[in-house]
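Heads up: the sequence shown begins at 82 in this note's numbering, then just goes up one per residue. Where is the CB? At the ideal position from N, CA and C, for every residue including glycine. Read the structure below first, then the notes.
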Amino acid sequence: MSDQTILATALAVLMGLLIWGKWRYDGVTLVCLAALVLFGVVPAESAFSGFGHPAVITVALVLLISRGLQEAGMVSLAGNLISRLTLSENQYMIMIMIVAAFLSSFMNNIGAMALLLPITLSLCQKMEWNPSKFLMPLAFASILGGMNTVIGTPPNIIIAQYRQEYTGVAFNFFDYSFVGLAVSILGVLFIALIGFRFVMVRENANDTTRLIDLKNYLFEVTVKNDSKAIGMRLSEIKKISGPETEVLGVVNETGGVSRVSMSKKIQSGQILVIKTSPDDISTIQEALGFEIADDLVTVQESDLAEIEVMVTAGSRLIGRKHDFLKRLASDDLALLGLWRQGAKFRTRLAREAFKVGDVLLLGVRTIDDEGVKERIKHLGLMPLMERDLQTIPSRSRLLKSLIFFGLAIGLTAFNVVDIVVAFLLCVIAFISIKVLNGNLYRNIEWPVVVMLAAMIPVGQALETSGISLNIANFISASTEGMKLPWLILMILVITMFVSDIVNNAATAVIMAPIAANLAIQVGQPVEPFLMAVAVGASCAFLSPIGHQCNTLVMAPGNYKFGDYWRLGLPLEFVIVAISIPMILFVWT
Numbered sequence: 082m083s084d085q086t087i088l089a090t091a092l093a094v095l096m097g098l099l100i101w102g103k104w105r106y107d108g109v110t111l112v113c114l115a116a117l118v119l120f121g122v123v124p125a126e127s128a129f130s131g132f133g134h135p136a137v138i139t140v141a142l143v144l145l146i147s148r149g150l151q152e153a154g155m156v157s158l159a160g161n162l163i164s165r166l167t168l169s170e171n172q173y174m175i176m177i178m179i180v181a182a183f184l185s186s187f188m189n190n191i192g193a194m195a196l197l198l199p200i201t202l203s204l205c206q207k208m209e210w211n212p213s214k215f216l217m218p219l220a221f222a223s224i225l226g227g228m229n230t231v232i233g234t235p236p237n238i239i240i241a242q243y244r245q246e247y248t249g250v251a252f253n254f255f256d257y258s259f260v261g262l263a264v265s266i267l268g269v270l271f272i273a274l275i276g277f278r279f280v281m282v283r284e285n286a287n288d289t290t291r292l293i294d295l296k297n298y299l300f301e302v303t304v305k306n307d308s309k310a311i312g313m314r315l316s317e318i319k320k321i322s323g324p325e326t327e328v329l330g331v332v333n334e335t336g337g338v339s340r341v342s343m344s345k346k347i348q349s350g351q352i353l354v355i356k357t358s359p360d361d362i363s364t365i366q367e368a369l370g371f372e373i374a375d376d377l378v379t380v381q382e383s384d385l386a387e388i389e390v391m392v393t394a395g396s397r398l399i400g401r402k403h404d405f406l407k408r409l410a411s412d413d414l415a416l417l418g419l420w421r422q423g424a425k426f427r428t429r430l431a432r433e434a435f436k437v438g439d440v441l442l443l444g445v446r447t448i449d450d451e452g453v454k455e456r457i458k459h460l461g462l463m464p465l466m467e468r469d470l471q472t473i474p475s476r477s478r479l480l481k482s483l484i485f486f487g488l489a490i491g492l493t494a495f496n497v498v499d500i501v502v503a504f505l506l507c508v509i510a511f512i513s514i515k516v517l518n519g520n521l522y523r524n525i526e527w528p529v530v531v532m533l534a535a536m537i538p539v540g541q542a543l544e545t546s547g548i549s550l551n552i553a554n555f556i557s558a559s560t561e562g563m564k565l566p567w568l569i570l571m572i573l574v575i576t577m578f579v580s581d582i583v584n585n586a587a588t589a590v591i592m593a594p595i596a597a598n599l600a601i602q603v604g605q606p607v608e609p610f611l612m613a614v615a616v617g618a619s620c621a622f623l624s625p626i627g628h629q630c631n632t633l634v635m636a637p638g639n640y641k642f643g644d645y646w647r648l649g650l651p652l653e654f655v656i657v658a659i660s661i662p663m664i665l666f667v668w669t
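Quick look at the structure:
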């Protein structure tokens with residue numbers, strides 16, 4: 082087989098695996114890279130060149146700077162200011178979207194959204210608002226804000242480097258703002274004035290003190306020796322537990338979950354797997370004499386308070402199982418239950434691998450204990466029951482952090498030093514004022530960095546093998562005589578489609594060389610084509626898997642997979658209508 086055939090096959094398999102989502106995207110891309118090295122498509126000496134690529138280093142530095150700004154209290158300050166305002170529902174929606182878009186322009190958009198999420202949930206509880214109305218607009222505004230600067234989202238960093246490869250000059254820090262600001266402002270206005278009507282808002286029928294109404298948690302309960310349920314049939318258990326409770330099965334001798342007849346009688350010591358609301362589990366335990374399975378709880382259940390936490394994009398638990406959580410959490414945290422949108426659990430809770438967006442019900446000794454908070458933070462979990470306003474650790478540190486960050490942006494914007502050098506100096510400054518501590522590497526979202534580093538050689542292989550040029554030649558021949566606006570529209574729409582099913586950074590790596598070669602073939606500058614890829618790679622609004630911001634709001638917003646396109650599709654039409662004229666006006 083030719084190199085082109087091998088590479089095309091590898092990319093098709095890679096995209097299929099990324100869409101499937103069964104395995105972590107960084108692992109999948111590394112396997113793809115290894116296969117290409119094995120077949121000689123990627124030279125062995127170039128296999129790990131991506132780890133030294135400026136785009137990869139910049140992404141890692143941006144993640145560190147984002148963490149530093151969070152630790153300094155930038156988001157806390159914004160949240161506290163918002164919480165003090167007396168606003169109506171629509172006014173708050175506009176305010177939180179503006180704040181999210183602004184913060185996402187200068188820090189990682191996933192981090193900005195994740196920190197605004199608990200603030201929004203807390204205010205929704207306080208004002209008795211339905212969070213479903215706010216969380217999808219919040220996620221979309223965070224994504225829109227990432228388009229405004231070179232550091233707002235990884236695709237922008239990647240596209241800037243591709244421009245440098247083709248023209249010798251990278252996109253500047255604010256070069257994206259000409260198109261990005263127009264898209265962000267008009268996109269936010271569209272959501273606030275029209276688009277919010279398309280958001281699926283599901284009312285919570287039950288009166289609950291929880292911030293989010295998550296039913297169908299997965300629990301494992303052991304039948305105690307003195308249980309009243311001994312001798313009862315599973316159908317009787319379901320009647321006593323209520324209509325919201327579902328008995329999934331019984332843990333068998335091999336540790337798997339066996340579905341059994343509802344006429345089966347309960348025996349002492351059996352472990353039942355049930356789905357129910359966290360509000361009902363205590364009542365069920367008391368009424369029937371159950372207890373949470375021993376291999377999940379590491380401390381006395383009576384000593385535990387409950388807290389709901391979400392697995393965020395950078396969590397250490399992603400792809401790991403309960404044993405890993407148990408080892409890191411020690412006796413501070415105990416896993417009581419797991420909630421996952423749309424999941425059909427076929428294994429025991431202890432055997433389930435955690436995913437982004439999972440909501441865990443944890444048992445903790447004392448919710449307000451600093452050690453517990455640090456442990457939750459260390460694991461990359463986001464508390465959803467946190468009601469208190471976040472405090473700003475030190476106003477002087479916050480001011481110094483903003484000054485250092487502003488200087489780094491200034492040095493980059495005026496081309497005084499390269500962006501990698503400027504941001505490295507900013508990170509060093511953050512360490513010197515102790516907004517970043519010795520656990521520096523824990524603040525980097527390594528799956529994104531590794532995936533991007535593995536994709537860089539693959540993207541280079543697209544060019545060296547001639548695939549990008551062949552695709553560009555095919556498009557050029559097929560669209561002969563087509564005007565420039567229609568060519569840019571085609572690149573934008575294709576990139577949008579790919580970004581909705583594949584990680585946005587991978588989308589940028591795949592589409593950028595194709596777009597640049599197409600521009601060269603039709604005798605046009607590469608800038609408008611690369612800018613179309615940058616915009617399209619950030620337009621993942623049609624599904625919860627397209628962008629991690631969408632994944633994070635799925636559970637607390639009580640959304641389903643098909644809810645996203647209702648707002649996302651009209652928003653993408655608006656973005657196309659805005660971005661094409663702006664790209665043509667600015668870059669041609």
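Item to complete: May I have the straight-line CA-CA distance separating Asn524 from Leu315, to the nearest angstrom?
Response: 47 Å
Discussion item. Beta-carbon within less than 8 Å of Ala93's beta-carbon, same chain only, minus the 5 sequence neighbours each way: which residues are those?
Written reply: none
Worksheet entry | Under the three-state DSSP convention, the category Leu299 falls into | strand
Discussion item. With a threshold of 8 Å, are at least 3 pairs of Cβ atoms found where one atom belongs to the region 605 to 619 and the other to the region 235 to 255?
Written reply: yes
Practice prompt. Could you please give the first and the last residue of the uninterrupted beta strand (DSSP E) stretch that includes Phe371?
Written response: Phe371 to Ile373
Practice prompt. Rounded to whole angstroms, what's the CA-CA distance from Gly418 to Tyr298? Just pull it up for me.
Written response: 6 Å
Worksheet item: Sorted by chain position, which residues of the same chain lie with C-beta nearer than 7 Å to Glu372's C-beta, five sequence neighbours on each side aside?
Response: Val302, Thr303, Lys305, Gln366 and Glu382
Practice prompt. Evaluate Ile656 with the Cβ neighbour count: other Cβ atoms within 10 Å of its Cβ, from every protein chain shown; 16 or more gives buried, anything less gives exposed.
Written response: buried
Worksheet item: Buried or exposed: which applies to Gln348, given that a residue is buried once 16 or more other Cβ atoms fall within 10 Å of its Cβ?
Response: exposed
Worksheet item: Excluding the five sequence neighbours on either side, which residues of its own chain have a C-beta within less than 6 Å of the C-beta of Asn237, listed in chain order?
Response: Val231, Tyr257 and Ala615
Worksheet item: Are the beta-carbon atoms of Met592 and Cys620 separated by less than 7 Å?
Response: no
Worksheet item: Going along the chain, which residues of its own chain have a beta-carbon closer than 8 Å to the beta-carbon of Val590, five neighbours each way excluded?
Response: Ile239, Leu533, Met536, Ile537, Val539 and Gly540
Item to complete: Throw me the rounded Cβ distance for the Val498 and Ser557 pair, which I believe falls under 8 Å.
Response: Actually they do not touch by this definition, with Cβ atoms about 38 Å apart.
Practice prompt. Go ahead and pull the three-state DSSP assignment for Trp101.
Written response: helix
Discussion item. According to DSSP, Met463 sits in a beta bridge with which residue or residues?
Written reply: Met391
Worksheet entry | Beta-carbon proximity list for Ser344, same chain, < 6 Å, skipping 5 on both sides | Arg314
Worksheet item: In whole angstroms, what separates the C-alpha of Leu665 from that of Pro566?
Response: 7 Å
Discussion item. Mapping the DSSP letters down to three states, classify Ser339 as helix, strand or coil.
Written reply: strand
Fill in: Identity of the residues DSSP links to Glu327 by a beta bridge
Lys356
Discussion item. Taking a contact to mean a Cβ-Cβ separation below 7 Å, would you say Thr393 touches Ile355 in this structure?
Written reply: no
Worksheet item: Quick one, are the C-beta atoms of Val122 and Ala542 less than 7 Å apart?
Response: yes
Discussion item. Going by DSSP, what residue range makes up the alpha helix (DSSP H) through Ala587?
Written reply: Asn585 to Gln602
Item to complete: Return helix, strand or coil for Ile239, following the three-state DSSP convention.
Response: helix
Item to complete: For Thr90, count neighbouring C-beta atoms within 10 Å of its own C-beta (all shown protein chains included) and say buried if the count is 16 or more, exposed if not.
Response: exposed
Worksheet entry | Start-to-end residues for the alpha helix (DSSP H) that takes in Trp527 | Trp527 to Thr545
Practice prompt. Check Lys564 in the structure and name its three-state DSSP category.
Written response: coil
Fill in: For Trp420, the first and last residue of its enclosing beta strand (DSSP E)
Leu414 to Trp420
Worksheet item: Which value, in whole angstroms, describes the spacing of the CA atoms of Ser339 and Asp307?
Response: 24 Å
Worksheet entry | Nearest-angstrom Cβ-Cβ length linking Phe405 and Leu142, presumed shorter than 8 Å | No, Phe405 and Leu142 are not in contact; Cβ-Cβ is about 28 Å, not under 8 Å.
Worksheet item: Within 10 angstroms of its Cβ, does Asn518 collect 16 or more other Cβ (buried), or is it exposed?
Response: exposed
Item to complete: Say whether chain C places a C-beta atom closer than 7 Å to the C-beta of Ala489.
Response: The chain labelled as chain C is not found in the depicted structure, where only one protein chain is given.
Fill in: Contact under 7 Å by Cβ, Leu225 with Ala182
yes
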